[in-house]
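Trainee:
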Amino acid sequence: MTVHAFAWTSGVRRAWADRDSRQDARVMLTVTATIGLLFAVATSVQSVLAMGVYSATLRGVPSAPVAELLVRGLINVTTVGLMLALVATLRPERRSLPIAVLQSVLIVVGCALVRALVQLATGVYADRTAWVAFAEIVTTSAACLVTMLIGFAMVGVWRRLRAGERERVQSQLETVLAYRELQEEELRVRREVAQGIHGSVQSVFVMLEAELDDVATRVEPSEAARIRRASGTVRDLRERELRSLSGVLYPVDLDRGLDPALTALVMRLPAHIAVETRFHDSARALDARATLPPSTRLLLVRTAEEALSNALRHGGASSVTVDLEFETPTRARLVVDDDGSGPAAEASWSGLDRLRRHLDLLGGSLVLTRSTGLGGATLTAVVPVDVEPATAP
Numbered sequence: 057m058t059v060h061a062f063a064w065t066s067g068v069r070r071a072w073a074d075r076d077s078r079q080d081a082r083v084m085l086t087v088t089a090t091i092g093l094l095f096a097v098a099t100s101v102q103s104v105l106a107m108g109v110y111s112a113t114l115r116g117v118p119s120a121p122v123a124e125l126l127v128r129g130l131i132n133v134t135t136v137g138l139m140l141a142l143v144a145t146l147r148p149e150r151r152s153l154p155i156a157v158l159q160s161v162l163i164v165v166g167c168a169l170v171r172a173l174v175q176l177a178t179g180v181y182a183d184r185t186a187w188v189a190f191a192e193i194v195t196t197s198a199a200c201l202v203t204m205l206i207g208f209a210m211v212g213v214w215r216r217l218r219a220g221e222r223e224r225v226q227s228q229l230e231t232v233l234a235y236r237e238l239q240e241e242e243l244r245v246r247r248e249v250a251q252g253i254h255g256s257v258q259s260v261f262v263m264l265e266a267e268l269d270d271v272a273t274r275v276e277p278s279e280a281a282r283i284r285r286a287s288g289t290v291r292d293l294r295e296r297e298l299r300s301l302s303g304v305l306y307p308v309d310l311d312r313g314l315d316p317a318l319t320a321l322v323m324r325l326p327a328h329i330a331v332e333t334r335f336h337d338s339a340r341a342l343d344a345r346a347t348l349p350p351s352t353r354l355l356l357v358r359t360a361e362e363a364l365s366n367a368l369r370h371g372g373a374s375s376v377t378v379d380l381e382f383e384t385p386t387r388a389r390l391v392v393d394d395d396g397s398g399p400a401a402e403a404s405w406s407g408l409d410r411l412r413r414h415l416d417l418l419g420g421s422l423v424l425t426r427s428t429g430l431g432g433a434t435l436t437a438v439v440p441v442d443v444e445p446a447t448a449p
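Using our numbering, you'd call the opening residue of the sequence shown number 57 and step up by one each time.
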């Protein structure tokens, strides 16, 4: 069986790179816009209201605080808009350090020049000297530069968070894939050992049984009875114990599908136990197309077997239901309900603990609760499924 690992093809790399670039642009523009607008509003309010800076004229109209605030605010917001347009066009956050520095200087100086010219042209400053213009350019450049530096810093933080998250996901993926490879190897060994027990080991028992029967015909009647009893014991071991051991390692009907394997499991229960199996159409459809990996089938059968064993051994159940459906093509849900005594408050069953750890590692879950239907215990297992592509006959 093939493990379908995540392959970093050139197309996938380009797709991730494009997505990362768009995310970086959103972070850069969002942070720059937020900080820039805060600067724009704060400086307008500070200049007009806090510091009492009023221009001598405003296009020939006597100055007023509200008008001053509106004009300064509009100029500052326009400057922020120009800076955002230049950042969105030049994309300095995706450039190398020297180019990013050069682009940033051009952006902040350009925005500062435009703001100074607009303020002088609109009469915000009555004193239209070079010194006033220079001071405006320097202060605006500094404010724009601080705004962009905060944007660069947040992009760096976002990239580190993204890289850490991807490393974590990649590590989890590698762990799951390695675990599934171990599962497949275990499944292969189980199948080989079960076939060996069913074939060669069982043949040895058959020959031993035949040899004992032959010896029984050649000895005294009293000794023959003992030998025939030994032959009967060998026959019982072959027909019951060896077949049971083979089934534990690898259920006989597992290769035929999940439905036959679960049916065979239920048929092994004592006759006085009332059993109802519900094999939903979603599960039957996948099983019929032979797209369920053997490892998934074995995990579902083992989970059902453990639940049935606990229901009879610990709960003393006389009635059980086994319900299997596929909530999605990649997610199976197995529910085993019984009418036993229910889960004990301090119960700790190693078999369920192993299954729970197994499913947790694969991204599934296993929960044991009190039954609301039959009154005993309900075991609910969610099993992730890697559906194999159906092969042509």
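All residues carry an ideal CB built from backbone N, CA and C; glycine is no exception.
For a test of the three-state rule: what should DSSP assign to M154, helix, strand or coil?
Mentor: Start at 1 with the first residue of the sequence shown, and residue 154 comes out as number 98. For clarity, residue 154 is Pro in the given sequence; the question names Met instead. Residue state, collapsed to three classes: helix.
Trainee: For the pair the segment 257 to 265 and the segment 282 to 291, tell me if three or more CB-CB distances fall below 8 Å.
Mentor: Taking 8 Å as the limit for Cβ pairs, the verdict is that the segment 282 to 291 does touch the segment 257 to 265.
Trainee: Between the beta-carbon of E124 and the beta-carbon of V170, is there less than 9 Å?
Mentor: Mapped onto the sequence shown, residue 124 falls at position 68. Mapped onto the sequence shown, residue 170 falls at position 114. No. Outside cutoff.
Trainee: Measuring alpha carbon to alpha carbon, tell me which residue in E149, W72 and F335 is nearest R55.
Mentor: The chain is shown from 57 up to 449; residue 55 falls before or after that span and cannot be answered.
Trainee: Excluding the 5 residues flanking T436 on each side, which residues of the same chain have their C-beta closer than 6 Å to its C-beta?
Mentor: Mapped onto the sequence shown, residue 436 falls at position 380. The residues are V391 and V423.
Trainee: Secondary structure at T58, three-state DSSP: helix, strand or coil?
Mentor: Position 2 of the sequence shown, counted from the first residue, corresponds to residue 58. With a pLDDT of 39 at T58, under the threshold of 50, the predicted position of this residue should be treated as unreliable, and no value is reported.
Trainee: Quick check on A177: buried or exposed, where buried means 16 or more other Cβ atoms within 10 Å of its Cβ?
Mentor: As a working note, residue 177 is residue 121 in the sequence shown. So A177 counts as exposed.
Trainee: Just verifying my parser: in three-state terms, what is the DSSP assignment at S374?
Mentor: Along the sequence shown, read from residue 1 onward, the residue named residue 374 stands at position 318. Coil at S374, not helix or strand.
Trainee: Helix, strand or coil for S421, going by three-state DSSP, please let me know.
Mentor: Counted from its first residue, the sequence shown places residue 421 at position 365. Looking at S421 - three-state DSSP - the assignment turns out to be strand.
Trainee: Which of the three DSSP states is assigned to A112 in this structure?
Mentor: For the purposes of this step, residue 112 is taken as residue 56 along the sequence shown, with counting starting at 1. Caution applies to A112, whose pLDDT of 46 falls short of 50 and renders its modelled position unreliable; the value that the coordinates give is listed next. Correct three-state label for A112: coil.
Trainee: Please give me, in chain order, every unbroken run of the beta strand (DSSP E) with length at least 3 that falls completely inside the segment 319 to 395.
Mentor: Runs found: 330 to 335, 375 to 384 and 387 to 394.
Trainee: So is E361 buried or exposed if we call it buried at 16+ other beta carbons inside 10 Å?
Mentor: Position 305 of the sequence shown holds residue 361. By the 10 Å Cβ count, E361 comes out buried.
Trainee: Locate the alpha helix (DSSP H) running through T289, then write down its first and last residues.
Mentor: Working through the sequence shown from its first residue, we reach residue 289 at position 233. Element bounds for T289: P277 to D292.
Trainee: Could you name each continuous alpha helix (DSSP H) segment of 4 residues or more that falls completely within the segment 132 to 215, going from the start of the chain to the end?
Mentor: Runs of the alpha helix (DSSP H) inside the segment 132 to 215: 153 to 177.
Trainee: Looking at V378 and V322, is the spacing between their C-beta atoms short of 9 Å?
Mentor: Here residue 322 is taken as the residue at index 266 of the sequence shown, counted from 1. Here residue 378 is taken as the residue at index 322 of the sequence shown, counted from 1. Yes.
Trainee: Closest to S365 by C-alpha separation, out of I329, L93, R353 and R387, would be which residue?
Mentor: As a position in the sequence shown, residue 365 is number 309, starting the count at 1. It is I329.
Trainee: Would the beta-carbon of M210 fall within 9 Å of that of V83?
Mentor: Here the question's residue 210 lines up with position 154 in the sequence shown. Here the question's residue 83 lines up with position 27 in the sequence shown. Closer than 9 Å, so yes.
Trainee: Could you tell me the distance, in whole angstroms, from the CA atom of R413 to the CA atom of G420?
Mentor: Along the sequence shown, read from residue 1 onward, the residue named residue 413 stands at position 357. Along the sequence shown, read from residue 1 onward, the residue named residue 420 stands at position 364. When rounded, the distance between both Cα atoms is 9 Å.
Trainee: Within the same chain, show all residues whose beta-carbon is closer than 8 Å to that of L140, passing over the 5 residues directly before and after it, in chain order.
Mentor: The residue given as residue 140 occupies position 84 in the sequence shown. Same-chain partners within the cutoff: L85, T88, A89 and G92.
Trainee: Is V376 closer than 9 Å to L430 when the C-beta atoms are compared?
Mentor: Against the sequence shown, residue 430 aligns to sequence position 374. Against the sequence shown, residue 376 aligns to sequence position 320. Closer than 9 Å, so yes.
Trainee: Leaving out five residues on either side along the sequence, give the residues of the same chain with a beta carbon under 7 Å from the beta carbon of A234.
Mentor: Walking along the sequence shown from the start, residue 234 turns up at place 178. Excluding positions up to five away in sequence, the list is empty.
Trainee: Suppose the cutoff is 7 Å on Cβ atoms and the five residues either side in sequence are ignored; what does the same chain contact list for S100 look like?
Mentor: For the purposes of this step, residue 100 is taken as the residue at position 44 of the sequence shown. Only L125, R128, G129 and N132 meet the Cβ criterion.
Trainee: V441 and T319 - do their beta-carbons sit closer together than 9 Å?
Mentor: Counted from its first residue, the sequence shown places residue 319 at position 263. Counted from its first residue, the sequence shown places residue 441 at position 385. Contact: no.
Trainee: Closest to V213 by C-alpha separation, out of L342, D80, L173 and V249, would be which residue?
Mentor: Reading the sequence shown from its first residue, position 157 is the one you call residue 213. Considering only alpha carbons, the answer is D80.
Trainee: Alpha carbon to alpha carbon, how far is L310 from P385? Give it in angstroms, no decimals.
Mentor: Numbered from 1 along the sequence shown, position 329 holds the residue referred to as residue 385. Numbered from 1 along the sequence shown, position 254 holds the residue referred to as residue 310. Looking at the two C-alpha atoms, the distance is approximately 20 Å.
Trainee: Going by Cα to Cα distance, which pick from L408, L415 and H370 is closest to R396?
Mentor: As a first step, residue 396 must be located in the sequence shown, where it is residue number 340. A small fix is needed here, since residue 396 is Gly in this sequence, not Arg. Ranking L408, L415 and H370 by Cα distance to G396 puts H370 first.
Trainee: Report yes if the CB atom of A189 is closer than 9 Å to the CB atom of T135, and no otherwise.
Mentor: By one-based count along the sequence shown, residue 189 stands at place 133. By one-based count along the sequence shown, residue 135 stands at place 79. Going by C-beta atoms, A189 is not nearer than 9 Å to T135.
Trainee: Taking 6 Å as the limit between beta carbons, can you name the residues of its chain near T425, skipping five residues before and five after?
Mentor: As a position in the sequence shown, residue 425 is number 369, starting the count at 1. Only T434 meet the Cβ criterion.
Trainee: Just to confirm, is the Cβ distance from L368 to P316 under 9 Å?
Mentor: The count along the sequence shown starts at 1 and reaches residue 368 at position 312. The count along the sequence shown starts at 1 and reaches residue 316 at position 260. No. Outside cutoff.
Trainee: According to DSSP, is V439 part of a helix, a strand, or is it coil?
Mentor: Counting from 1 along the sequence shown, the entry for residue 439 is found at position 383. In this structure, V439 counts as strand in the three-state DSSP scheme.
Trainee: Classify T90 as helix, strand or coil using the three-state DSSP reduction.
Mentor: Locating residue 90 in the sequence shown gives position 34, counting from the first residue. In the structure shown, T90 sits in a helix (DSSP, three-state: H, G or I).
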